[in-house]
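**Q** Residue numbers (UniProt numbering), protein chains in the order written: chain F, 1 to 109; chain G, 1 to 432.
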């Protein structure tokens, strides 16, 4: 179990690293690897976008749809929700990266 | 057998009848005197708290209901509501949480119900608000200077443009022949594309460009709310520092800071020498960067030059706007919520009284927040608005004020305003 989780985290960090374009200059990579990375990134972005839409819809939109337009309250809530989501995502990504670089997670020293 | 009848316990007072006894209630009676005292005290205190909380809730509901209708209007997707900036400073000798809680409990619900956006700026050290406000204004002035420089430069180099387009055109063709042994350069992802480009959604839907309401109605855009008299003092001095102060750090301040640093290092050395024998048990905290000092002293306001970079806009009668096209901070109306925080051993009775009547604070702050939502403003009045929220100052602990005066704290200095600067500031018209 632990090994699997660790792997998961490492791949997640890698995708995060690609996603936010952080993490210094990588060693020479083949074009196939690049393609795989691009695919992973695309997956990552779509995944994030979908969860974002889902979460913010749940949080902000009043379910009995009384109007075809958004109300002022809803649009403000959506704006805050999206910016919070992105901010947290970036913060978590940065933190994971720091952990990954120091190899300090999961008790590894 | 006969013993039992003589020592039987005295019959308790109270009502009893067979019907009650059948139900398991032997006797209906008042509890003893001590229990009565206990329960009445508990009941009185608990009831007082519960009643006050209930009234607070009623006040909150009353004021949120008043503005609720503003937030349920249909709203286009490309619009965003107006945004307030909220400065929160801790009351003297207390934690930031005290002021933050007042904002969260009594003011925020009204803003949320009215769908008014806000940014919160908190400080934990004196001077944070002042220095950041001043730095923002200085940054604006620098940008303005740069723009002016660019404009004059462009006029000179305009005739060169024709030549430049030709070279661009030539380069376009020459890039076609790329050699294989060129070194691969890694480019930042953000330069190539944004998440927007990757998502298929935007192949179908036009991306929306969002506009804040602040851009449209000049006179009613934005707003600055200061929680606490200290925050207001710092905000105003920050504006003065930004507009009247120099753009570069003055020489006298640089020297002063150098001296202070030296003194600090000297102190540290002495401490280390003393502690040499002892073990290094205490973890040396990372030294915080001290709050930047004001670049101009209040006495110099009168003789200082008034932001020469902005004079063009000011004389046109227009409001100064930032890159997002909203009026900058000091062009937005301002309001203060005083945080009255009573301290001291001898004033405990007053404190208790205020605790049981917090509903009055909820009532008045809610009403004021509604007025801010409705957004009526007036000009800053000298000799009146500089004392906004100064009832709080009477409650500041005397010892704290005394030590503040010794240390040269900015809060305890009288607030000095310059008529030129204050002329442009607007204040919320609140009649409660």
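Cβ atoms here follow ideal geometry from the backbone N, Cα and C, with glycine treated the same way.
Check whether the Cβ atoms of residue 91 of chain G and residue 115 of chain G sit closer than 8 Å, and answer yes or no.
**A** No, they are not a contact pair.
**Q** Please list, in chain order, the chain F residues whose beta carbon lies closer than 8 Å to that of residue 73 of chain G.
**A** In chain order: 71 and 72.
**Q** My output table needs one value for residue 425 of chain G: the three-state DSSP class, helix, strand or coil.
**A** If DSSP states are grouped into helix, strand and coil, residue 425 of chain G belongs with coil.
**Q** Note the first and the last residue of the continuous beta strand (DSSP E) segment covering residue 310 of chain G.
**A** Here residue 310 of chain G belongs to no beta strand (DSSP E), and DSSP marks it neither H nor E.
**Q** Quick one: does residue 84 of chain G have its CB under 8 Å from some CB of chain F?
**A** Cβ-Cβ to chain F under 8 Å: no for residue 84 of chain G.
**Q** In whole angstroms, what is the alpha-carbon distance linking residue 420 of chain G and residue 238 of chain G?
**A** Residue 420 of chain G and residue 238 of chain G: Cα-Cα distance of roughly 15 Å.
**Q** Going by alpha carbons, who is nearest to residue 428 of chain G out of G:379, G:192, G:413 and G:131?
**A** Selected option, being the one with the closest Cα: G:379.
**Q** Could you check whether the Cβ of residue 75 of chain F sits closer than 8 Å to any Cβ belonging to chain G?
**A** Chain G, which has a Cβ nearer than 8 Å to the Cβ of residue 75 of chain F, makes this yes.
**Q** Quick check: the Cα distance between residue 291 of chain G and residue 121 of chain G, rounded to an integer number of angstroms?
**A** If I take the Cα positions, the gap works out to 16 Å.
**Q** With DSSP run on the structure shown, which of helix, strand or coil describes residue 87 of chain G?
**A** Three-state DSSP puts residue 87 of chain G in a strand.
**Q** Could you tell me whether any Cβ in chain F is nearer than 8 Å to the Cβ of residue 115 of chain G?
**A** Yes, residue 115 of chain G counts as interfacial toward chain F.
**Q** Where does residue 72 of chain F land, buried or exposed, given buried means 16+ other C-beta within 10 angstroms?
**A** Residue 72 of chain F should be labelled buried.
**Q** At what residue ranges does the region 90–157 of chain G contain a whole run of the beta strand (DSSP E), taking only runs of 3 or more?
**A** Qualifying beta strand (DSSP E) stretches, in chain order: 117–122.
**Q** Leaving out five residues before and five after residue 293 of chain G in sequence, what residues of the same chain have Cβ atoms less than 7 Å from its Cβ?
**A** Answer for residue 293 of chain G: 253, listed in chain order.
**Q** Please confirm whether residue 128 of chain G and residue 358 of chain G have their CB atoms less than 8 Å apart.
**A** Not a contact, by the Cβ cut-off of 8 Å.
**Q** Alpha carbon to alpha carbon, how far is residue 247 of chain G from residue 83 of chain G? Give it in angstroms, no decimals.
**A** Computed Cα separation, rounded: 28 Å.
**Q** Excluding the 5 residues flanking residue 210 of chain G on each side, which residues of the same chain have their C-beta closer than 6 Å to its C-beta?
**A** These residues qualify, in order along the chain: 78 and 80.
**Q** If you reduce the DSSP assignment to three classes, tell me which class residue 380 of chain G lands in.
**A** In this structure, residue 380 of chain G counts as coil in the three-state DSSP scheme.
**Q** Do residue 327 of chain G and residue 442 of chain G count as a contact pair if the criterion is CB distance below 8 Å?
**A** This structure does not reach residue 442 of chain G, given that chain G is present from 1 up to 432, and the question cannot be answered.
**Q** Determine, using beta carbons only, whether residue 117 of chain G and residue 86 of chain G come nearer to each other than 8 Å.
**A** No.
**Q** Here's a check: name, in chain order, each residue in its chain whose Cβ is nearer than 6 Å to the Cβ of residue 416 of chain G, leaving out the five neighbours to either side.
**A** If we look at residue 416 of chain G and ignore the five residues flanking it on each side, its Cβ neighbours are 298.
**Q** On the premise that residue 229 of chain G lies in contact with residue 336 of chain G, defined as a C-beta separation below 8 Å, what is that separation, rounded to the nearest angstrom?
**A** That pair is a contact at about 7 Å.
**Q** With a cut-off of 8 Å, does the C-beta of residue 290 of chain G fall near any C-beta of chain F?
**A** It does not: the Cβ of residue 290 of chain G has no partner Cβ on chain F nearer than 8 Å.
**Q** What in chain F is Cβ-close to residue 81 of chain G, meaning under 7 Å?
**A** The answer, in chain order, is 72 and 76.
**Q** Quick test of your reading: residue 334 of chain G and residue 224 of chain G, contact by CB under 8 Å. State the CB separation rounded to the nearest angstrom.
**A** Correct: roughly 4 Å between the Cβ atoms.
**Q** Can you tell me the Cα-Cα spacing of residue 261 of chain G and residue 47 of chain G, whole angstroms?
**A** So the two alpha carbons sit approximately 56 Å from each other.
**Q** Using a Cβ-Cβ cut-off of 8 Å, state whether residue 43 of chain F counts as contacting chain G.
**A** Output row for residue 43 of chain F: interface = no.
**Q** Under three-state DSSP, which class holds residue 335 of chain G?
**A** It is a strand residue.
**Q** Let me check one thing: in DSSP terms, what residues is residue 225 of chain G bridge-paired to?
**A** Note: residue 225 of chain G sits in a beta bridge opposite G:86 and G:335.
**Q** Determine, using beta-carbon pairs with one atom in the region 61–77 of chain F and one in the region 37–50 of chain F, whether at least three such pairs fall under 8 Å.
**A** Output reads no: the region 37–50 of chain F does not touch the region 61–77 of chain F.
**Q** If you compare alpha carbons, which of G:59, G:301, G:226 and G:192 is closest to residue 133 of chain G?
**A** Checking every option, the nearest Cα to that of residue 133 of chain G belongs to G:226.
**Q** Given a threshold of 16 other Cβ atoms within 10 Å of its Cβ, counted over all protein chains shown, does residue 425 of chain G qualify as buried or as exposed?
**A** With 16 or more Cβ atoms within 10 Å of its Cβ, residue 425 of chain G is classed as buried.
**Q** What does residue 79 of chain F reach in chain G if we use C-beta pairs closer than 7 Å?
**A** Simply 80.
**Q** With 16 as the cutoff for other CB atoms within 10 Å, does residue 23 of chain G come out buried or exposed?
**A** Under this definition residue 23 of chain G is an exposed residue.
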